[in-house]
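The block underneath contains the structure these notes are about, expressed in structure tokens.
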Amino acid sequence: MDAFSVLLVDDEVEFLETLVKRLAKRKLQVTGVTSAEEAIGILGEKPVDIVVLDVKMPGMDGLEALRQIKSTSPDVEVIMLTGHANVEAAIQGMELGAFDYLMKPMDIDELLYKLQDAYKKKTLRKLAR
Amino acid sequence: MPRLGDVFRKIAFWKRGENHQTVDAEALRTAFKARYHSFKLLLNANNKALEIMSEMETALRGSRPFSMSFVRASCTAVGVNVFLIVKHLNELAPEKYTTLFERFREIQDQINGVLAKRAPPRGDRLVLPFDEIDKDKADLVGSKMANVGEVRNRLKLKVPSGFVVTSAGYQRFFEANDLQNEIDRRLQASEAGELDQYYALSADIQQLIMRSRVPDDLAEEIMEAYRALERETGEEEVRVSMRSSALGEDAADTSFAGQYRSELNVSPDYLIEAYKDIVASKYSLQAVAYRRSRGIMDEDISMCVGCMVMVDAVAGGVTYSRNPLNIRDDSIIINSVWGLPKSVVDGSVAPDAFIISRREPLTVIDKDIKTKDYKFVCFPDEGVCRLDLTGEGRELPSIDDAQAVELARIALQLEDYYGTPQDIEWAIDKNGQIYILQCRPLKQTEVAEKVHGGAGRDLGREHLLLEGGDTASSGVAFGPVYVLRKNSDALQFPRGAVLVAAQALPRWAPLLSLASAVVTEQGSVAGHLANVAREFSVPAIFGVAGATAALETGDEVTVDADGLRVYRGRMEHLLVAEAPRKNLMEGSPVHEVLREVIQYIVPLYLLDPDSTEFRPRNCRTMHDITRFCHEKSVQEMFSFGKEHHFSERASKQLVCDVPMQWWFINLDDGFREDVPGKFVHLDNIVSIPVLALWEGINAVPWEGPPPVDARGFMAVLLEASANPALDPAMPSHYANRNYFMISRNFCSLSSRFGFHFSTVETLVGERANENYISFQFKGGAADYHRRLRRAQFVASLLEEYGFRVEVKEDGVFARMEGFDEEFMKTRLRMLGYLLMHTRQLDMVMANDNAYHHHRSKMMQDIDSILNPNLTSVEHAAAH
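As you go down the protein sequences, you meet chains A and B in turn. Position one of the first sequence corresponds to residue -10 (our numbering), numbered consecutively onward. Position one of the second sequence corresponds to residue 13 (our numbering), numbered consecutively onward.
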């Protein structure tokens, strides 16, 4: 599968840095930012295939960010990530069009599969037009 | 997938044969890929959802502990995955199943309702002085401090003055620092963890709490209450003890023995720090592991902290108003030591024991005065220190008989007041004044039979390794020894091992959910570890001299805690009496929540896909939705091969020796490279499932049609004349041709061999949970009865090799999923073989002998295909 671009958004710096490193090793173009506001700024500047979004962050939270991303860049697939399982927020995220909703701690391969699946879905949707 | 519908309409149009050029292969590929991707994602979510449901069911049976974050995470994961299933089904079949979203919502709301139940609101005072506390304040101050207040204010027994930082104070502290969310997050992250992860987790959370700031209003109230103590005692900078009084710890009949910290002899400078310290001990390793193993919800526990004027004790100890180890023994038992009662409670010193008959006049009927090597006393400044005892004092009783009787009388008074046996901690100051420090209900153990060398216990003397000590927890158990010498040894503690240690330290408590038995050299049966051992029904002997030297890690031993003996090997005659291990989760709040939510998730009511009741509105649980969608998705997806015959222009014929036509269309990445022209060579095909099938197709040369008896041949002729489509002579478009639609991991094979039609659809790759094979087999030339027999014949072979098989009339539908790539390939080889060799078997199906002959011949062939290394003799032997 081709290298695609992933934007990771999580306010936990240590977690973010590790994840960026590990995914970069798996040949993805990875950018990490620590807030939803930054993420939305980046999406306005350069194309991103997939956003991995932490649900609970100071400032704009993940669900609000998801809402905005889906309205301004509907082609971007968003995977939600949470350390604090909340059923209601999870279902809301799904209804807002998240590709999937993962719980920390997750297996790096599991995340990688989800990223590949999300990217494939994005590519296929483009082709079908 | 908005445009997919268009593509399919075009394909349908083209399929009617009006214009073979309207849809190019590219559109077909795109449509296939999109559908296939949705289907794969659906299967993924399906497998995940079922996996979590099964974990939830296992948890409910309760042999392994789980916490509320497990329940929450499971419910979330089920919700997310079932939502995904519904979403992907609606992508496969747009607009066809939208009502499922509503059904999903309704079930989800019921689950949310169960999870959202909150604890009732409590009072709002952040700090309460002892004078205002009685049992009605338990919701605010925790049961331990409510008891203290009750004893002091109602029973008028001597209790030092003090105050409690309430559960409202605790909430204030947590909310001001948003601690609960952060802690929940960390607990979730470690849910699946083993003990070593808990060490880090526990340290992390405790540090988090220690770093947090006690908000000003709370800090001021604490200091204000403290200054009131100074005024009351007339002593400046009066030292205090601080103890946890957790709210919720008595839930589910658990006596949360000593899992939390206490701070003794605290000066005012350190008051706030000590408060945080005790609150943090809610997350001590013992406490975290304990809550999890007993199904106590983290958020249900509020840490109230009692602050009490320090008694500089000459002697101290614990009174049991009855024998904790024997429900039939009503003697009062007192354990006492020199100095503070700390060393009785933590099991570090073997205490003096006094046994007092409760019949008037109260008298000491037995006593056991130990050599007490040290005592704990208050430092002049702050904290406590351990003093070695030398000289004859160490041999002397720490209390006299008159004090023992007085303590016994207090115990009776408390038992009478509370109506249940009591466990009382006390201290005696230099004036001989007895102070009650705390009391709580005592849990007595039913002892099977306390026998020292009674009948049966003398068997196996030659295997005896150790003898002596005291029963800390009744029972008999077998396991490998694990000797704990240092803290870090606990990390490697194996499930089911016999815990052997020098001291019965409270810090080993988390291991008791793993240990089969406990043997220690020192420690009091009144200590925390003994309490926890009894609670977990782990047999335990304390005070066995030389245990750590005599027993070595890895030795297999039988521990007889009632006979006070340790034997080498397995002593069956003792073990038969072993009591079944309790289901510790049963009845706990977490277990209860799981039981409630699971009824909306796990039961399956939609059983029969052929029934008219098999509809979205009859889905009552998440499992029903999952089942429904899976069934429909398979129908929708596998109609692809049926609905989308492809243009022969787009397909390539395989160049091969097999005397049949094999046509390929590459849907994605099934060819090594694009090929111009009409033909493709095998070495250009990289589809994993195709190559496996192909091996099976070529494994055993076909010997031609089996010999047919005259009636069988007639049956074929009759059937063929009745149904011209079955006539092999008819130039039917697809007769005798085999069509492969392939990608690297996928293949859909429609195959027409003579009179029968079979399809294989399969996905095989490195993600085992996505792998599956579906095989359908139908038709035939012979009469219905023979076709039926053949269907059963094929079904029985498939079942033999692990397929789930359904026979509907003369059709066979077989499925297999979730195995790894190598295994799936073996099954595809087998299917390849079956495709070739079941041809026209229907003609011989009338005859039982022929049936069995063919069956065993085919089994042999299949075994040699699956295990090419076995010789044919071994194959023959295997049958």
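Even for Gly, the Cβ is constructed at its ideal location relative to N, Cα and C.
Exposure label - residue i; buried when at least 16 CB within 10 Å
{"i": "B/Ile377", "result": "exposed"}
{"i": "B/His745", "result": "Residue placement at B/His745 is poorly supported in this model, since its pLDDT is 39, which falls under 50; the coordinates are not used for a value here."}
{"i": "A/Gly132", "result": "The structure shown has nothing for residue 132 of chain A, since chain A only spans -10 to 118."}
{"i": "B/Glu69", "result": "exposed"}
{"i": "B/Leu213", "result": "buried"}
{"i": "B/Phe789", "result": "buried"}
{"i": "A/Lys14", "result": "exposed"}
{"i": "A/Leu12", "result": "buried"}
{"i": "B/Met65", "result": "buried"}
{"i": "B/Ala529", "result": "buried"}
{"i": "B/Lys869", "result": "exposed"}
{"i": "A/Phe(-7)", "result": "buried"}
{"i": "B/Gln504", "result": "exposed"}
{"i": "A/Leu(-4)", "result": "buried"}
{"i": "A/Met95", "result": "exposed"}
{"i": "B/Gly535", "result": "buried"}
{"i": "B/Glu818", "result": "exposed"}
{"i": "B/Pro363", "result": "buried"}
{"i": "B/Glu108", "result": "Per the sequence shown, the amino acid found at residue 108 of chain B is Lys instead of Glu. Counting Cβ neighbours within 10 Å, B/Lys108 comes out exposed, since fewer than 16 surround it."}
{"i": "B/Thr483", "result": "buried"}
{"i": "B/Arg41", "result": "buried"}
{"i": "B/Ala215", "result": "exposed"}
{"i": "B/Gln647", "result": "exposed"}
Bridge partners - residue i, DSSP secondary structure assignment
{"i": "B/Ser763", "result": "B/Asn750 and B/Ser770"}
{"i": "B/Gly823", "result": "B/Lys820"}
{"i": "B/Gly318", "result": "B/Val176 and B/Arg255"}
{"i": "B/Cys451", "result": "B/Ile436"}
{"i": "B/Leu478", "result": "B/Val578"}
{"i": "B/Thr331", "result": "B/Ile346 and B/Ile436"}
{"i": "B/Phe691", "result": "B/Gln665"}
{"i": "B/Lys790", "result": "B/Phe769"}
{"i": "A/Gln(-3)", "result": "In the sequence on display, residue -3 of chain A carries Leu and not Gln. Bridge partners of A/Leu(-3): A/Gly21 and A/Val41."}
{"i": "B/Thr7", "result": "The structure shown has nothing for residue 7 of chain B, since chain B only spans 13 to 891."}
{"i": "B/Pro280", "result": "According to DSSP, B/Pro280 bridges with nothing at all."}
{"i": "B/Asn678", "result": "B/Ile754"}
{"i": "B/Glu275", "result": "B/Met254"}
{"i": "B/Tyr784", "result": "B/Leu775 and B/Glu829"}
{"i": "B/Ile368", "result": "B/Ile344 and B/Val376"}
{"i": "B/Val493", "result": "B/Val510"}
Any non-hydrogen atom of the ligand ZN closer than 7 Å to residue i Cβ
{"i": "B/Val531", "result": "With respect to small molecules bound, the structure shown includes none, and the ligand ZN cannot be examined in it."}
Residue-chain proximity (residue i, chain E), Cβ-Cβ < 8 Å
{"i": "B/Leu127", "result": "Annotation note: the requested chain E is absent from the structure, which comprises protein chains A and B."}
If we count Cβ pairs, one from each stretch, closer than 8 Å, do we get three or more for the stretch 440 to 454 of chain B versus the stretch 163 to 177 of chain B? yes
Check each residue of the stretch 83 to 107 of chain B: if its Cβ is closer than 8 Å to any Cβ of chain A, include it; give the result in chain order. Correct list: Arg84, Ala85, Cys87, Thr88, Ala89, Gly91, Val92, Phe95, Leu96 and Lys99.
Only counting runs of 4 or more residues, tell me where the alpha helix (DSSP H) segments fall wholly within the stretch 374 to 447 of chain B, in order along the chain. Listed in chain order, the complete alpha helix (DSSP H) runs (minimum 4 residues) inside the stretch 374 to 447 of chain B are 413 to 430.
Inter-stretch contact at 8 Å, needing at least 3 Cβ pairs: the stretch 346 to 365 of chain B / the stretch 378 to 390 of chain B: yes
In chain order, what are the residue ranges of uninterrupted beta strand (DSSP E) at least 3 long that sit wholly in the stretch 551 to 626 of chain B? 552 to 554, 568 to 572 and 577 to 580
Where are the beta strand (DSSP E) runs, 3 residues long or more, that stay fully inside the stretch 134 to 212 of chain B, in chain order? The DSSP assignment places complete beta strand (DSSP E) segments of no fewer than 3 residues inside the stretch 134 to 212 of chain B at 139 to 141 and 174 to 177, in order along the chain.
Near-chain A residues of the stretch 112 to 124 of chain B (beta-carbon distance less than 9 Å), N- to C-terminal order: Phe113, Phe116, Arg117, Gln120, Ile123 and Asn124
Of the residues that make up the stretch 178 to 206 of chain B, which ones have a beta carbon closer than 7 Å to any beta carbon in chain A? Asn193, Asp196, Arg197, Gln200 and Ala201
Does the structure place the stretch 548 to 562 of chain B close enough to the stretch 329 to 338 of chain B that three or more beta carbon pairs sit under 8 Å? no
Does the stretch 306 to 324 of chain B come within contact of the stretch 471 to 484 of chain B, defined as at least 3 CB pairs closer than 8 Å? no
Residue ranges of each alpha helix (DSSP H) run of no fewer than 4 residues wholly in the stretch 59 to 91 of chain A, ordered along the chain? DSSP runs (the alpha helix (DSSP H)) wholly in the stretch 59 to 91 of chain A: 76 to 84.
Would you say the stretch 612 to 632 of chain B touches the stretch 108 to 128 of chain B, given that touching needs at least three Cβ pairs under 8 Å? yes
Quick one: which residues of the stretch 37 to 63 of chain B get their C-beta closer than 7 Å to a C-beta of chain A? List them in chain order. Within the stretch 37 to 63 of chain B, the residues whose Cβ lies closer than 7 Å to some Cβ of chain A are Thr42, Lys45, Ala46, His49 and Leu53, listed in chain order.
Cβ contact check for the stretch 63 to 75 of chain A and the stretch 36 to 44 of chain A: 3 or more pairs under 8 Å: yes
For the 8 Å Cβ check, are there 3 or more pairs between the stretch 486 to 501 of chain B and the stretch 553 to 568 of chain B? yes
Interfacial residues, the stretch 773 to 784 of chain B to chain A, with Cβ spacing under 7 Å: Arg779
Any contact of the stretch 684 to 694 of chain B with the stretch 826 to 841 of chain B, i.e. 3+ C-beta pairs under 8 Å? No, the stretch 684 to 694 of chain B is not in contact with the stretch 826 to 841 of chain B.
Inter-stretch contact (C-beta, 8 Å, three-pair minimum) for the stretch 282 to 290 of chain B and the stretch 335 to 348 of chain B: no
Kindly confirm or deny that the stretch 160 to 168 of chain B and the stretch 137 to 146 of chain B touch, where touching means at least three C-beta pairs closer than 8 Å. yes
Taking any Cβ of chain B, which residues in the stretch 70 to 84 of chain A have a Cβ under 9 Å from it, in chain order? Thr71, Gly72, His73, Ala74, Asn75, Val76, Glu77, Ala78, Ala79, Ile80, Gly82, Met83 and Glu84
Contact residues within the stretch 533 to 567 of chain B, judged by C-beta distance below 7 Å to chain A: Residues of the stretch 533 to 567 of chain B whose Cβ lies closer than 7 Å to any Cβ of chain A: none.
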